[in-house]
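Asks: Have a look at this one before I ask anything.
Chains as they are written, first to last, in my numbering: chain L, 37 to 261; chain B, 12 to 414.
Put into structure tokens, the structure is as follows:
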């Protein structure tokens with residue numbers, strides 16, 4: 037897109053943010069059998085919490101480890117092979133939390149069939165996996181973009197929580213299938229190429245800061261700035 | 012006291028913008044905090060820092076105290092220890108003393124808040140005054156393995172609240188109300204955590220006659236059996252057989268902690284005859300605590316139980332390597348071998364201290380990782396955000412809330 041042609045959007049893009057509060061569920065797992073039971077029964081917001089928490093709380097650790105289940109199975113139970121299987125589950129390949137939940141369950145079940153003795157490993161009370169769920173609060177910020185230049189400007193200012201909301205939350209938890217940025221850029225700006233470039237990023241393999249920088253760079257390149 | 016905008020260089024402008032938006036959503040609500048002491052101990056410290064900031068964000072946060080005599084505080088200290096799982100002889104008379112003082116407080120204290128935010132067990136019985144306002148019980152204690160008798164007694168009150176807050180996942184209880192998980196925090200701009208010039212650090216060391224000739228191991232804690240100061244001395248003595256070093260045990264006693272004097276005596280006895288052990292009583296001297304932490308080579312927190320163990324975050328914020336017990340909220344702050352070392356025994360602590368003293372580069376890396384972990388998760392700005400979300404959650408039952 038030539039730099040002198042900044043196209044106005046059909047609809048402006050309102051930046052939202054989402055902040056999480058953790059709520060205890062009262063469910064805990066001390067061994068793989070209990071982990072399976074918890075995975076089956078836990079609310080979606082708990083599966084979400086344990087597969088996305090690391091992105092927020094351990095930015096310096098990202099992109100590894102990608103979820104609490106993998107971390108706990110490897111580091112507390114010492115089942116590193118299963119931990120690796122769980123870590124390599126491609127979270128971005130799932131459009132809703134329940135499919136992701138089923139994937140975790142099937143990977144653990146398959147592993148236990150081949151390695152029944154793994155059932156005997158258990159964690160102390162201090163090291164048990166306590167299931168926590170995320171209560172998400174979503175609210176609009178004061179930022180509104182009417183074209184890509186404004187979008188880029190605002191992107192540089194907003195929190196990683198806002199990036200997180202528009203990339204992860206809307207895509208997966210709200211089962212929208214794509215991310216909000218790509219959707220707006222495609223539908224309101226009409227730039228399918230930029231929309232697709234952003235959509236193709238695997239957000240789970242970046243820290244949130246890196247992801248934000250990456251989207252800024254792609255947009256800058258597209259605008260020729 | 013720092014203003015909210017002074018945190019922008021530490022956490023960034025957008026984080027502060029979000030806090031202001033949340034503050035606006037709480038306009039018109041009065042948040043009434045209630046605890047038992049305005050000085051000493053972690054709860055008073057957190058409230059002293061947070062309330063002015065909440066007010067600046069537009070939240071009408073206030074603070075009231077319950078009263079009690081020495082008998083009452085002796086009983087609540089017993090409760091505290093019993094909740095931590097320590098064997099305590101809690102008699103029927105103790106429960107009576109607790110209820111007598113509670114009745115006086117129920118009569119005298121006006122619970123005017125739209126949200127009444129009660130901290131720890133001392134004011135817990137006030138909830139019997141609950142009308143159509145919202146009540147939260149904030150548990151600052153490690154209740155992963157509580158004395159069942161004391162817990163059952165308190166549970167009768169807790170069940171009457173709208174929500175509860177615990178500091179670590181393992182503290183979750185079988186109670187019929189919502190249980191939120193909120194870690195406490197440190198204030199990076201407070202006297203205890205702000206950057207200090209080397210001259211200040213040196214002058215504090217001079218004041219207490221501590222030479223920098225050897226590596227320094229430090230534990231900052233109240234003199235409380237649950238902080239295991241005698242265990243720290245035993246670990247230090249094992250290290251000392253191989254590596255010449257100093258040990259600093261420094262801390263104060265809280266107004267509601269009558270047991271402190273006895274523990275201090277035991278600690279002094281254990282340290283007798285070793286000039287390299289420095290036992291310092293520092294009630295509420297935050298600059299000195301800060302200086303001692305910054306002067307240290309390794310920081311310890313060898314607690315037997317912890318409500319959370321914020322001294323660990325204080326040490327990590329100063330990029331110091333930490334050896335800490337794997338109890339309470341400490342495992343949230345220290346990821347073993349990544350942002351510090353966790354131990355389970357005196358021998359384990361001694362082994363890890365030696366590792367860190369002999370490998371300064373390893374310690375440096377752990378400290379740097381720890382500082383970033385604290386920046387992301389244990390600063391007061393995150394705590395302000397969680398508390399405001401908690402207040403808002405009382406008016407919403409769903410998992411996804413659109414404000």
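Quick reminder that beta carbons are idealized off the backbone N, C-alpha and C, glycines included.
Tell me which residue opens and which closes the beta strand (DSSP E) that residue 201/L is part of.
Replies: Neither: residue 201/L is in no beta strand (DSSP E) and is coded neither H nor E.
Asks: Just to confirm my understanding: we take residue 189/B, look at its own chain, exclude 5 residues before and 5 after, and list those with CB closer than 6 Å. What are they?
Replies: Excluding residues within five positions, the ones whose Cβ falls inside 6 Å are 174.
Asks: Pick out the complete alpha helix (DSSP H) segments inside the region 220-269 of chain B, 4 residues or longer, and give them in chain order.
Replies: Fully enclosed alpha helix (DSSP H) runs of 4 or longer: 240-251.
Asks: Going by CA-CA distance only, name the one from 165/B, 61/B and 203/B that's closest to residue 305/B.
Replies: Looking at the Cα atoms, 203/B is the closest of the given residues.
Asks: Taking residue 392/B as part of the alpha helix (DSSP H), name the residues at either end of that continuous run.
Replies: From DSSP, the alpha helix (DSSP H) with residue 392/B extends over 391-404.
Asks: For residue 413/B, would you say it is in contact with chain L, using Cβ-to-Cβ distances shorter than 9 Å as the test?
Replies: Residue 413/B counts as touching chain L.
Asks: Taking a Cβ distance cut-off of 7 Å, strictly less, list which residues of the region 41-67 of chain L are near chain B, in chain order.
Replies: Against chain B - using a Cβ distance shorter than 7 Å - the residues of the region 41-67 of chain L are 53, 55, 57, 58, 59, 60 and 62.
Asks: Taking only runs of the beta strand (DSSP E) that begin and end inside the region 140-228 of chain L, which ones reach a length of at least 3 residues, in chain order?
Replies: Runs of the beta strand (DSSP E) inside the region 140-228 of chain L: 165-183.
Asks: Give me the chain L residues within the contact set of residue 338/B, using Cβ-Cβ distance strictly less than 9 Å, ordered along the chain.
Replies: Within 9 Å Cβ-Cβ: 162.
Asks: Might you give, ordered along the chain, the residues of its own chain that have their beta carbon closer than 7 Å to the beta carbon of residue 246/B, omitting 5 neighbours on each side?
Replies: Excluding positions up to five away in sequence, the list reads 313, 357, 360, 361 and 364.
Asks: Does residue 177/B get closer than 9 Å to chain L when you measure Cβ to Cβ?
Replies: Taking Cβ atoms only, chain L reaches closer than 9 Å to residue 177/B, which makes this a yes.
Asks: Is the shortest distance between the beta-carbon of residue 201/B and the beta-carbons of chain L less than 9 Å?
Replies: For residue 201/B, the answer is no, since every Cβ of chain L falls outside 9 Å of its Cβ.
Asks: By DSSP's criteria, residue 411/B is part of a beta bridge. Which residues make up the other side?
Replies: For residue 411/B, which the question treats as bridged, DSSP gives the partners 172/L.
Asks: Are residue 29/B and residue 53/L close, meaning C-beta to C-beta below 9 Å?
Replies: For residue 29/B and residue 53/L, yes; Cβs fall inside 9 Å.
Asks: Applying the criterion that 16 or more other CB atoms from any shown protein chain within 10 Å of the CB defines a buried residue, is residue 238/L buried or exposed?
Replies: Residue 238/L is exposed by the Cβ-count criterion.
Asks: What would DSSP say about residue 81/B, mapped onto helix, strand or coil?
Replies: Here residue 81/B sits in helix by DSSP.
Asks: Suppose contacts are defined by Cβ-Cβ distances below 9 Å. Is residue 240/L in contact with residue 127/L by that definition?
Replies: Their beta carbons are under 9 Å apart, which means residue 240/L touches residue 127/L by this criterion.
Asks: Do you know offhand how far residue 56/B's Cα is from residue 295/B's?
Replies: So the two alpha carbons sit approximately 10 Å from each other.
Asks: Whole-angstrom Cβ separation of residue 402/B and residue 193/B, contact assumed at under 8 Å?
Replies: So it is not a contact: roughly 12 Å between Cβ atoms.
Asks: For the beta strand (DSSP E) that residue 190/B lies in, which residues bound it at each end?
Replies: 189-192 is the extent of the beta strand (DSSP E) around residue 190/B.
Asks: With 9 Å as the C-beta to C-beta threshold (strictly closer), list the residues of the region 168-200 of chain L near chain B in chain order.
Replies: Against chain B - using a Cβ distance shorter than 9 Å - the residues of the region 168-200 of chain L are 168, 169, 170, 171, 172, 173, 174, 175, 176, 177, 178, 193, 194, 195, 196, 197 and 198.
Asks: Per DSSP, residue 311/B is paired with what?
Replies: Partner(s): 334/B.
Asks: Kindly say whether residue 157/B, judged by its beta-carbon, lies nearer than 9 Å to any beta-carbon of chain L.
Replies: Output row for residue 157/B: interface = no.
Asks: Based on DSSP bridge pairs, tell me the residues matched to residue 84/L.
Replies: The partner list for residue 84/L (beta bridge, DSSP) is empty, contrary to what the question assumes.
Asks: Could you have a look at residue 98/L and say whether DSSP puts it in helix, strand or coil?
Replies: For residue 98/L, the pLDDT reaches just 44, beneath the cut-off of 50, and the residue's location in the model is therefore unreliable, although a value from the coordinates is still provided. Coil, per DSSP.
Asks: Quick one: list the residues of chain B neighbouring residue 79/L, beta-carbon separation under 8 Å, in chain order.
Replies: Neighbours of residue 79/L on chain B, chain order: 410.
Asks: Which residues mark the beginning and the end of the beta strand (DSSP E) in which residue 56/L is found?
Replies: From DSSP, the beta strand (DSSP E) with residue 56/L extends over 44-65.
Asks: Using beta carbons (cut-off 9 Å, strictly below), is residue 24/B in contact with chain L?
Replies: So, interface residue.
Asks: Taking only beta-carbon atoms, is residue 240/L less than 9 Å away from chain B?
Replies: By this cut-off, residue 240/L is not an interface position.
Asks: Please identify, using Cβ separations under 7 Å, the residues of the region 391-408 of chain B that lie next to chain L, in order along the chain.
Replies: Cβ contacts with chain L come from 396, 397, 400, 401, 403 and 404.
Asks: Please return the same chain residues whose Cβ sits closer than 8 Å to the Cβ of residue 405/B, not counting the five positions on each side in sequence.
Replies: Taken in chain order, the residues that qualify are 126, 145, 147, 173 and 174.
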